[in-house]
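Asks: Got a structure for you, questions after.
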Amino acid sequence: MTTPAPSLPEQTPQTGPRKVPSRAMLRYILRRLSQAILVMLLVVIGSFFLIKMAPGDFVDTLAGTSDLTAEQMANLRARYGLDQPVPVQLMYYIARLATLDLGYSPFNNAPVLDILVKRWPVTAILVVTSVSISMVVGTLLGVMAARFSGKPVDLGISILMLLFYATPNFIIAVILILIFSIKMNVFPIAGFATIASGYTGWEYIRDVAWHLAMPVTALCTFFIAIYGRIGRAAMLEVLTLDYIRTARGKGLTERRVIYVHALRNALLPLVTMAGLQVSALVGGAVLIETIFGLNGMGRTAFDAVFQRDTNLLLGVLFVSSLSVVVVNFIIDLLYMVLDPRVEIK
Amino acid sequence: MSTSGHSVFRRLLRHPSGLVGLLIIALVVLMSASAGFIFPEGPWVLGGRPRTWPGVDPAFPLGTDALGRDMVAALFYGARVSLAVGAAAALVSLVIGTLVGAIAGYYGGWLDDVLMRLTDAMQTIPSFLAAIAIVGVVGASLSTIIIAIAVVSWPMIARLVRADFLRLRTYDFVQSCKIIGMSDLRIIFGQILPNCLAPIIVSSSVLVATAIITEASLAFLGLGDPNVMSWGTILSTGRPELRSGWYMTAFPAVALVLTVLALNLIGDALNDVLNPRLKERKS
Amino acid sequence: MTQKFPTVGRRSFLAGLAASTALPLIAMPGKLWAQEPRAGGTLRTPAWPAPSVLNSAISTAGPETFLGPKMFDGLLAYDFGMVAKPQLATDWQMSDDGLRITFNLREGVTWHDGEPFTAHDVAFTFMEVLKVHHGRGRTTFGDLLAVETPDDLTAIFVLETPNPAMMRALDSRESPILPAHIYEGTDILDNPANTAPIGTGPFKLAEYEIGSYVVLVKNPDYWEEGYPLLDRMVIQYVPDSATRAAMLESGQADAVFLNMIPAQDIVRLDEQPDFTMDTRGFEGMPSAQQMDFNLDNPILANVMVRHAIAHAIDPEWITQNVWYGLGTAGKTPLHVDQVEYYTTEGVPEYPYDLDRANELLDEAGYPRGDNGTRFELMLDPSPWGTESITASAYVREQLRQVGIDVTVRTQDFGVFVTTVWTDRAHDLVLYTVNLGVDPTIGTQRFYWSESYRPGSAFTNGAHYMNPEVDALLEAAQVETDPQARRDQYAEFQRIVMRDLPVMPITNIHGANIASTRVHDHTVDALGVLGGFTRLWIEE
Chain C
83 MTTPAPSLPE QTPQTGPRKV PSRAMLRYIL RRLSQAILVM LLVVIGSFFL
133 IKMAPGDFVD TLAGTSDLTA EQMANLRARY GLDQPVPVQL MYYIARLATL
183 DLGYSPFNNA PVLDILVKRW PVTAILVVTS VSISMVVGTL LGVMAARFSG
233 KPVDLGISIL MLLFYATPNF IIAVILILIF SIKMNVFPIA GFATIASGYT
283 GWEYIRDVAW HLAMPVTALC TFFIAIYGRI GRAAMLEVLT LDYIRTARGK
333 GLTERRVIYV HALRNALLPL VTMAGLQVSA LVGGAVLIET IFGLNGMGRT
383 AFDAVFQRDT NLLLGVLFVS SLSVVVVNFI IDLLYMVLDP RVEIK
Chain H
-4 MSTSGHSVFR RLLRHPSGLV GLLIIALVVL MSASAGFIFP EGPWVLGGRP
46 RTWPGVDPAF PLGTDALGRD MVAALFYGAR VSLAVGAAAA LVSLVIGTLV
96 GAIAGYYGGW LDDVLMRLTD AMQTIPSFLA AIAIVGVVGA SLSTIIIAIA
146 VVSWPMIARL VRADFLRLRT YDFVQSCKII GMSDLRIIFG QILPNCLAPI
196 IVSSSVLVAT AIITEASLAF LGLGDPNVMS WGTILSTGRP ELRSGWYMTA
246 FPAVALVLTV LALNLIGDAL NDVLNPRLKE RKS
Chain S
10 MTQKFPTVGR RSFLAGLAAS TALPLIAMPG KLWAQEPRAG GTLRTPAWPA
60 PSVLNSAIST AGPETFLGPK MFDGLLAYDF GMVAKPQLAT DWQMSDDGLR
110 ITFNLREGVT WHDGEPFTAH DVAFTFMEVL KVHHGRGRTT FGDLLAVETP
160 DDLTAIFVLE TPNPAMMRAL DSRESPILPA HIYEGTDILD NPANTAPIGT
210 GPFKLAEYEI GSYVVLVKNP DYWEEGYPLL DRMVIQYVPD SATRAAMLES
260 GQADAVFLNM IPAQDIVRLD EQPDFTMDTR GFEGMPSAQQ MDFNLDNPIL
310 ANVMVRHAIA HAIDPEWITQ NVWYGLGTAG KTPLHVDQVE YYTTEGVPEY
360 PYDLDRANEL LDEAGYPRGD NGTRFELMLD PSPWGTESIT ASAYVREQLR
410 QVGIDVTVRT QDFGVFVTTV WTDRAHDLVL YTVNLGVDPT IGTQRFYWSE
460 SYRPGSAFTN GAHYMNPEVD ALLEAAQVET DPQARRDQYA EFQRIVMRDL
510 PVMPITNIHG ANIASTRVHD HTVDALGVLG GFTRLWIEE
């Protein structure tokens, strides 16, 4: 099995504490928390210097789209503190960040937080839906392949997985639009929901689901392939373990052995993967959000880079990194609570 | 090492998916190697009538693009660039990742902590976003693209290598090396590293594949190097023509998917071929 | 729902049009069979990029320019051929010396918040906002000394020197009138009304989701009885141009304005019965693609080299294959749509001729080296749109044919602008730009020695200094005699094409493409940058 992102974290069960007393747990949580803060700080400083390394600032980009005089440009720079030395700007930024002030986005004429409050959910829904769907579909396909290992079903699924894995999501997105919107006109191409529709409740949810159908599909395929292949491998491994033989020996149906006993344990590596995939998905969302006109974190970051909207870019990186850290943290905690070995042994 | 490398290759050829993968990659390599001989004028010659469909003009069997450039020449030169980007980016990230992982795993302690937090930070930032930021900020040239891809892909290798080093450094043979006074450098590169090459080799094929896709994705967003013809460039210039000349998108897309697929098949096969040996050594 | 509307004004305006320009009704084929305009309905249009503010008085960027006139009015509007017609000003007179212009203002106009519109709003807007914060306003209204307001419905512009260009810049797109009672005494750039506009225009803001969409609704109290016809307009910001094209094609959008989908899609959809293209209404913003030579580069300072490069590049080829025919090959520094001043008479030409180019380069003292290369140049294409990048691939290949090794450097917006206009680290720069409704406003900045100002984007990037040209440009700035001004610009075109600091590539013909259900989005010179009061949509 090839693991396209084979970096399972070190906190897998063998090193993670198990059935820990609450004090040790608290210590562990504190340690993780301080690590997380350090990581976030590194992210902020790194991205800050990266964008400041770029020639030109947002005033230059603004001047490019609308004619500004040198005096108007100088005024704007003073207004947003861009006339200060870079290290000073960074200190100000971190000081403000400590009070959870993400600053102002001059290009959007709004506080960064106000913007992200609208855009985070778009990407979060996109990513969470994609992870969930690809986990379920991928795992089912993987299990099916494992169950019929070596048979035509296995071969068929494996080829499908290979294709899913090898086809970049933007190509899938373009094909989906061509088939389902231009030729068949069933799905809306762009946006998160019908604008100013006045929909509420279920109607609204249905509208959003309709809008997200194609983007989620395009984002999913690659991850279905990953989960499918990991699922298949994990399943094949679990199926050789003693307790499965015991279960079979007890005369349980094959279906029950597979879907109840084996799957439960094969799922754990998959959950770990889910945490790691979040950051990959946010990255992949740039293309998907661009193509499907979704105003999420990915596209926002993309535009912020080119508009030299430092605050907005840092805001996006900060919030999406924070989301990744939090998700991984929760997954670690889940591990501590549901240590699989206890049950296996 | 050369004999065992040779035998790995032979076993790879006997492996069905390995064989298919190698054949496809061999074809791509052949394309990129022969591009200069078959099309000495390069891929940019505005030789034909723009938007000639495949099969219409015998001089351009796969047609021409929107500016009248030969699709075949573009695909051949594209193979060269895409492969080069993939290989170079993979190589650079392998070097960085191996160094970071080896040092962190071998020495442990605060060095490990610092390097791993750095790795964490790199993995926390969505990698494609980071690549966009780097290319966007530094400017889209082939070397920037390669470096950007390498910078975002090394953490995976670092983790892999570190895990192996953590495990192997406690082994007897490492301890005995220390006792006889071997230098750390020699232990790291001469003793431990050769023993964790298998997972590195396996993941390198995935790295190449990911790098090729990343380059194409960057080009799709308009962040390709305009001076070289990569499959990503052909894709992004062909896309506006999708409705009137789908072949301009389809050919590079198929080439891209097949290559990535082949690299993946090779990775699978390598895994199958190398893993049993790993198990033998452990026992 | 169908209502009857007074059509007299409409007809007489069309009659005036036929006389003034060669763009009569015949230009529109049978697709647009006259039907009775209908009130109501929603127009959905995708666009990109999204606006920063919703006030085109303080930002001259594209998205603001499109939205502004829907919510704000100007003093004047312009019929095809840039013939002034009333908007907030009902009539106007210029004094004989050209230094005082009196505008009589429309009675009974109210702001969206119900306050009355007065001459004070006009004075405030020009003196405090447009002269200070508008990108081009500083130049256009530079010699506007004061706006006198003897009563609520009279505004008198007092000028230092005659300013013929100003009279072409008084529309809602270029000079929207802002409400003094909202802006006066505040920090204008920080005023919350910049994103929650209060205008006198035909539409009001209903919803604004930053970066995602804008919803405008009909202003029921608009001063022009019976207009606007539309109930609602939804502008959705979609970054990918192919996606915008797909939206239009699948019927999920009704129109795409201002070339916001790839040219090949515009041309392709226009051939289908369900869509129709309209290239009128771009005289207010004639855009062109041009290539500057950096004259500080010793090689490019040689005029023979510039002529050689001009011979090696065929603007007609670029116009046909990069712009898909939506343009005219460039022949002079002016745009063909600057009808009054554009001329090719006596203007030097550089026909496509590789042999001639090679000869000139040999003569200039740059023989081919051993590898066939004479010298190397850097080419910076503008990163917005794809046309300059595509065209740069052509330029690179053409110049390779004559032994010039060109490297194309694509950079993002900020870096591009800085490289060229601040650091001046460029050799060739290929970009698209608005040449202005009047040459003084948009064209002279590339040729006037006074506008060689490193640090300011889109100025004299070539570093062209010719006292003769300076004299002509400065004379035209204040020339009130139309014939004399035409002569000055004709001479300007001849000299500049001889010196060739800038090579014209394509005079872009803007295009709007809409479903055939959408009518009358373009009824005058402002085109879709007008107020859309006449736009109606079939049920």
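Protein chains in written order, with my numbering: chain C, 83 to 427; chain H, -4 to 278; chain S, 10 to 548.
Yeah, the Cβ is synthetic: ideal placement off N, Cα and C, and Gly gets one too.
(1) Please check if any C-beta of chain H sits within less than 8 Å of the C-beta of residue 406 of chain S.
(2) Quick one: which unbroken alpha helix (DSSP H) runs of 4-plus residues sit fully inside the region 236 to 307 of chain S? Chain order, please.
(3) Comparing C-alpha positions only, which one of S:358, S:139 and S:213 sits nearest to residue 185 of chain S?
(4) Check whether the region 366 to 377 of chain S and the region 407 to 425 of chain S are in contact - that is, three or more C-beta pairs closer than 8 Å.
(5) If I follow the unbroken alpha helix (DSSP H) through residue 176 of chain C, where does it start and stop?
(6) Please classify residue 44 of chain S: does DSSP put it in a helix, a strand, or coil?
(7) Determine, for residue 41 of chain S, whether the minimum Cβ-Cβ distance to residues of chain H falls below 8 Å.
(8) Since residue 55 of chain S sits in a beta bridge, which residues does DSSP pair it with?
(9) Is the shortest distance between the beta-carbon of residue 295 of chain C and the beta-carbons of chain H less than 8 Å?
(10) CB-CB under 6 Å to residue 247 of chain H, same chain, minus the five flanking residues each way: which ones, in chain order?
(11) Does the distance from the CB of residue 552 of chain S to the CB of residue 87 of chain S come in under 8 Å?
(12) Would the region 355 to 364 of chain S count as touching the region 317 to 330 of chain S if we require 3 or more Cβ pairs under 8 Å?
(13) Run down chain S in chain order and give the residues with a C-beta less than 7 Å from the C-beta of residue 372 of chain C.
(14) At a CB-CB cut-off below 8 Å, which residues of chain H make contact with residue 171 of chain C?
(15) Counting only Cβ-Cβ distances shorter than 8 Å, please list the residues of the region 386 to 406 of chain S near chain H, keeping chain order.
(16) Look up residue 299 of chain H in the DSSP assignment and say whether it is helix, strand or coil.
(17) Between S:187, S:194 and S:212, which has its C-alpha nearest residue 203 of chain S's C-alpha?
(18) Roughly how many angstroms separate the alpha carbons of residue 321 of chain C and residue 313 of chain C, rounded to a whole number?
(19) Say whether chain S places a C-beta atom closer than 8 Å to the C-beta of residue 381 of chain C.
(20) May I ask you to report which of helix, strand or coil DSSP gives residue 423 of chain C?
(21) Pick out whichever of H:243, H:267 and H:263 has its Cα sitting closest to the Cα of residue 67 of chain H.
(22) CB-CB under 8 Å to residue 268 of chain H, same chain, minus the five flanking residues each way: which ones, in chain order?
(23) Across which residues does DSSP place residue 100 of chain S in a beta bridge pair?
(24) If you measure beta-carbon to beta-carbon, which residues of the region 352 to 372 of chain S are closer than 8 Å to chain C?
(25) Determine the chain C residues that contact residue 24 of chain H at a beta-carbon separation under 9 Å, and present them in chain order.
(26) Nearest-angstrom Cα distance between residue 293 of chain S and residue 141 of chain C?
(27) Helix, strand or coil, according to DSSP, for residue 187 of chain C in the structure here?
(28) If you drop the 5 nearest sequence neighbours on each side, which residues of the same chain put their C-beta closer than 8 Å to that of residue 44 of chain H?
(29) In chain C, which residues lie less than 7 Å from residue 222 of chain S when you measure between Cβ atoms?
(30) For residue 67 of chain S, which three-state DSSP category applies?
(31) Taking a cut of 9 Å between CB atoms, which residues from the region 372 to 383 of chain S lie near chain C?
(32) Counting only C-beta atoms, is residue 330 of chain S closer than 8 Å to chain H at any point?
(33) Answer with yes or no whether the minimum CB distance from residue 134 of chain H to chain S is below 8 Å.
(34) Using beta carbons (cut-off 8 Å, strictly below), is residue 40 of chain H in contact with chain S?
(35) Strictly below 7 Å CB to CB, what residues from chain C border residue 147 of chain S?
(36) Locate the alpha helix (DSSP H) running through residue 251 of chain C, then write down its first and last residues.
Replies: Looking at the atomic coordinates:
(1) Counted from its first residue, the third sequence places residue 406 of chain S at position 397. Answer yes: the Cβ-Cβ gap between residue 406 of chain S and chain H drops below 8 Å somewhere.
(2) 250 to 258 and 272 to 279
(3) Your numbering for residue 185 of chain S matches position 176 in the third sequence. Per the Cα distances, S:139.
(4) yes
(5) As a first step, residue 176 of chain C is located in the first sequence; it is residue number 94 there, counting from the start. Where residue 176 of chain C is concerned, the enclosing alpha helix (DSSP H) stretches over 168 to 180.
(6) One-based indexing of the third sequence puts residue 44 of chain S at position 35. Coil, per DSSP.
(7) On the third sequence, position 32 is the one that residue 41 of chain S refers to. For residue 41 of chain S, the pLDDT reaches just 49, beneath the cut-off of 50, and the residue's location in the model is therefore unreliable, although a value from the coordinates is still provided. Not one chain H Cβ lies under 8 Å of residue 41 of chain S.
(8) If you number the third sequence from 1, residue 55 of chain S lands on position 46. S:245.
(9) What you label residue 295 of chain C is simply residue 213 of the first sequence in a count that begins at 1. False, the Cβ-Cβ gap to chain H never drops below 8 Å.
(10) Stepping through the second sequence from its first residue, residue 247 of chain H is reached at position 252. Contacts found: 226, 229 and 230.
(11) Outside the modelled stretch of chain S, which goes from 10 to 548, sits residue 552 of chain S, for which no answer is possible.
(12) They touch, by the three-pair rule.
(13) The count along the first sequence starts at 1 and reaches residue 372 of chain C at position 290. In chain order: 248 and 249.
(14) Here residue 171 of chain C is taken as the residue at index 89 of the first sequence, counted from 1. Within chain H, no residue comes near residue 171 of chain C; the closest Cβ sits about 16 Å away, beyond 8 Å.
(15) 390, 392, 395, 398, 399, 401, 402, 403, 405 and 406
(16) The structure shown does not extend to residue 299 of chain H, since chain H spans only -4 to 278, so no value can be given for it.
(17) The count along the third sequence starts at 1 and reaches residue 203 of chain S at position 194. Residue S:187 is the option with its Cα nearest to residue 203 of chain S.
(18) Locating residue 321 of chain C in the first sequence gives position 239, where the first residue counts as 1. Locating residue 313 of chain C in the first sequence gives position 231, where the first residue counts as 1. Whole-angstrom Cα-Cα distance: 12 Å.
(19) Here residue 381 of chain C refers to the residue found at position 299 when the first sequence is read from its first residue. Yes - at least one Cβ of chain S is within 8 Å of the one on residue 381 of chain C.
(20) Locating residue 423 of chain C in the first sequence gives position 341, counting from the first residue. Note that residue 423 of chain C scores a pLDDT of 48, beneath 50, so its modelled location is shaky; the value from the coordinates is reported in the next line. Residue 423 of chain C falls in the helix class under three-state DSSP.
(21) Working through the second sequence from its first residue, we reach residue 67 of chain H at position 72. Answer by Cα proximity: H:243.
(22) Taking the first residue of the second sequence as position 1, residue 268 of chain H is located at position 273. Apart from sequence neighbours up to five positions away, the residues of its chain that approach residue 268 of chain H with a beta-carbon distance below 8 Å are 3, 6, 7, 10 and 13, ordered along the chain.
(23) Residue 100 of chain S sits at position 91 when you count from the first residue of the third sequence. When DSSP reads this structure, residue 100 of chain S sits in a beta bridge with S:113.
(24) none
(25) Numbered from 1 along the second sequence, position 29 holds the residue referred to as residue 24 of chain H. Within 9 Å Cβ-Cβ: nothing; residue 24 of chain H doesn't reach chain C, min ~18 Å.
(26) As a position in the third sequence, residue 293 of chain S is number 284, starting the count at 1. As a position in the first sequence, residue 141 of chain C is number 59, starting the count at 1. So the two alpha carbons sit approximately 26 Å from each other.
(27) Residue numbering aside, residue 187 of chain C sits at position 105 when the first sequence is read from its first letter. The answer is strand: DSSP assigns residue 187 of chain C an E or B state.
(28) The residue given as residue 44 of chain H occupies position 49 in the second sequence. Within the same chain, residue 44 of chain H has close Cβ partners 52, 59 and 63.
(29) Indexing the third sequence from 1 puts residue 222 of chain S at position 213. Counting only Cβ-Cβ distances below 7 Å, residue 222 of chain S has contacts in chain C at 277, in chain order.
(30) Position 58 of the third sequence, counting from 1, holds the residue named residue 67 of chain S. Of the three classes helix, strand and coil, the one that applies to residue 67 of chain S here is coil, per DSSP.
(31) none
(32) The residue you call residue 330 of chain S lines up with position 321 of the third sequence. Judged by the 8 Å Cβ criterion, residue 330 of chain S is in contact with chain H.
(33) Locating residue 134 of chain H in the second sequence gives position 139, counting from the first residue. It does: the Cβ of residue 134 of chain H has a partner Cβ on chain S nearer than 8 Å.
(34) Position 45 of the second sequence holds residue 40 of chain H. Residue 40 of chain H counts as touching chain S.
(35) Taking the third sequence and counting its residues from 1, one reaches residue 147 of chain S at position 138. Neighbours of residue 147 of chain S in chain C, taken as residues at a C-beta separation under 7 Å, are given in chain order as 151.
(36) Counting from one through the first sequence, the residue named residue 251 of chain C turns up at place 169. Residues 251 to 258.
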